[in-house]
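Residue numbers (the numbering used here): 1 to 590. Encoded as structure tokens, the structure appears first; notes follow it.
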């Protein structure tokens with residue numbers, strides 16, 4: 001299997017798993033017939049000067065922590081807490097589940113019980129952030145399905161996916177509440193995805209104007225890699241520390257010193273982006289800027305939030321900073337979608353198709369959730385919080401696992417109703433690929449092939465170049481345009497035997513957007529060159545495959561007809577030589 005295909009399939013599978021996890025997380029935040037599991041302390045914690053302890057840095061006077069008796073500057077001892085309670089203190093607690101705390105304050109040591117409050121409408125930014133993260137996953141999946149092999153798109157998809165995973169688990173802490181230990185441990189293991197996304201983003205940035213990569217850009221890239229490696233090590237050390245208590249986990253997530261490697265990695269990645277934009281040519285600079293700056297803003301906001309929140313003694317200000325960051329997770333996918341459409345990373349027709357499918361599937365899922373919520377109010381009212389939440393998660397998981405079937409039915413319906421013309425064009429191209437073998441004139445074959453492609457793809461230009469036997473490939477449309485066999489486009493087609501994106505080969509004399517090889521008996525007999533589409537769309541995957549099939553059929557038939565004509569010409573010439581020789585002999589006899 002082609003390694004790129006392998007990575008595409010792996011990333012698509014991770015997109016599906018992350019999407020299901022985010023749906024479950026939405027249930028965790030919204031609840032189902034019972035208060036959500038996602039709990040709030042109503043306090044901001046910071047690293048304490050005492051080992052294995054956290055200090056109450058800021059507190060909401062009306063929140064759960066204040067109601068439980070916690071005060072500002074109280075130190076909570078982690079060693080007297082269970083593993084689940086330690087995760088609740090350093091990550092996210094389960095709402096309405098009492099947590100016993102050993103608290104050290106100036107007057108001595110006291111035992112307090114705090115009951116975390118449930119997520120309320122005032123913090124609607126949290127589920128909105130989760131929905132925005134789901135948009136990031138959907139966007140990454142669209143690119144993988146549609147334009148995965150455009151240079152840089154695999155890296156962009158991997159960057160967005162890792163960012164979504166890191167956000168979903170709340171890297172480096174955990175962004176959800178659960179009554180079991182294993183989800184927290186699993187989330188902690190996945191937390192390095194956040195730092196990995198920064199490294200991938202820097203690599204993606206350096207993909208622009210890669211040929212002009214200089215010493216400063218190399219230094220910024222490797223500095224980013226080094227800082228990301230340190231951030232990953234800190235994330236894993238946190239998981240080891242909180243589970244074993246062999247090292248103090250609190251500073252690893254609450255101290256600005258230990259958060260410095262991640263912040264420096266973000267700064268280095270921003271430097272990579274700025275340098276890449278500066279080094280990119282005029283034609284690609286706008287695409288580079290629109291692709292890199294939204295992600296840069298998101299990471300910059302995250303780094304700024306991480307740096308500022310640890311110094312906040314006002315709980316309201318810390319909450320406002322979190323709200324700004326959460327809303328950014330909705331704005332960035334919208335901007336990236338605009339870039340994808342305007343810069344043709346994915347085509348509009350495909351997006352409309354998927355948007356319609358998504359609307360149908362979403363409507364079905366929301367309808368099911370409404371029915372379940374209505375039934376849950378009657379059936380689960382008298383059940384425990386855990387039972388209600390488990391039922392909700394099972395339902396969400398069931399819907400998630402059935403999404404592929406639901407999506408398939410909706411996709412088929414939308415395709416047949418709204419995109420019939422596209423399928424008819426695809427069928428016409430495949431039909432001609434079959435009919436080509438029954439055409440007996442090479443010139444008619446090439447003329448019909450160009451005409452069919454232009455009619456059924458909306459390409460603004462179509463040209464077919466065929467070998468003229470003199471180390472050149474000549475246009476068959478009468479323009480007398482000739483391309484040398486050492487042209488970069490011809491060499492790429494001959495070497496790899498697969499379609500070539502001509503935008504990546506600026507030195508090629510082949511004018512167009514895509515070049516499809518006409519291969520026969522392992523030899524490049526010609527190439528079909530398609531220009532950009534008149535409507536501005538990109539070539540769809542099914543259309544792309546139909547063109548590959550057509551060029552294969554036309555190439556094989558053209559080679560066969562050319563060989564037959566060559567053989568006939570050679571045979572005729574041989575017979576003529578024999579006749580002339582015989583005439584010469586007869587003449588000599590006289």
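Every residue, glycine too, gets a C-beta built ideally from N, C-alpha and C. Since we're looking at a predicted model, the values are computed, not measured.
Item	Value
Stretch-stretch touch, CB-based, cutoff 8 Å, three pairs: the stretch 187-203 with the stretch 225-237	yes
Limits of the unbroken alpha helix (DSSP H) element including residue 454	442-457
Beta-bridge partners of residue 518, as assigned by DSSP	526
Helix, strand or coil at residue 544 according to DSSP, with G and I counted as helix	helix
Straight-line Cα distance separating residue 549 from residue 517	10 Å
Residue 153, buried or exposed, once every other Cβ within 10 Å from all chains shown has been counted against 16	buried
Reference residue 184, options 157, 36, 23 and 242, closest by Cα	242
Contact check, residue 280 vs residue 288, beta carbons under 8 Å	yes
Residue 83 Cβ short of 7 Å to the ligand PLP heavy atom set	Looking for the ligand PLP in the displayed structure turns up nothing, as the structure carries no ligands at all.
Residue 448 vs residue 439 beta-carbon contact at 8 Å	yes
Alpha carbon of residue 215 to alpha carbon of residue 428, nearest angstrom	52 Å
Supposed contact pair residue 79 and residue 245 - C-beta distance, whole angstroms, cut 8 Å	6 Å
Residue 95, enclosing alpha helix (DSSP H) - first and last residue	Careful: residue 95 lies outside any alpha helix (DSSP H) and carries neither H nor E.
Where residue 498 sits in the DSSP three-state scheme	coil
Bridge partners - residue 55, DSSP secondary structure assignment	46 and 75
Pairwise C-alpha distance: residue 120 and residue 85	22 Å
Selection from 331, 504, 497 and 105 that minimises the alpha carbon distance to residue 519	497
For residue 99: DSSP bridge partner residues	114
Cβ pair residue 200, residue 250 closer than 8 Å	no
Coarse secondary structure for residue 509, derived from DSSP in three states	coil
Beta-carbon contacts of residue 197 that lie in its chain and below 7 Å, excluding the five residues immediately before and after	159, 162, 163 and 166
Residue of 473, 505, 480 and 501 minimising C-alpha distance to residue 488	505
Coarse secondary structure for residue 436, derived from DSSP in three states	helix
Residue closest to residue 230, alpha-carbon to alpha-carbon, out of 260, 208 and 445	260
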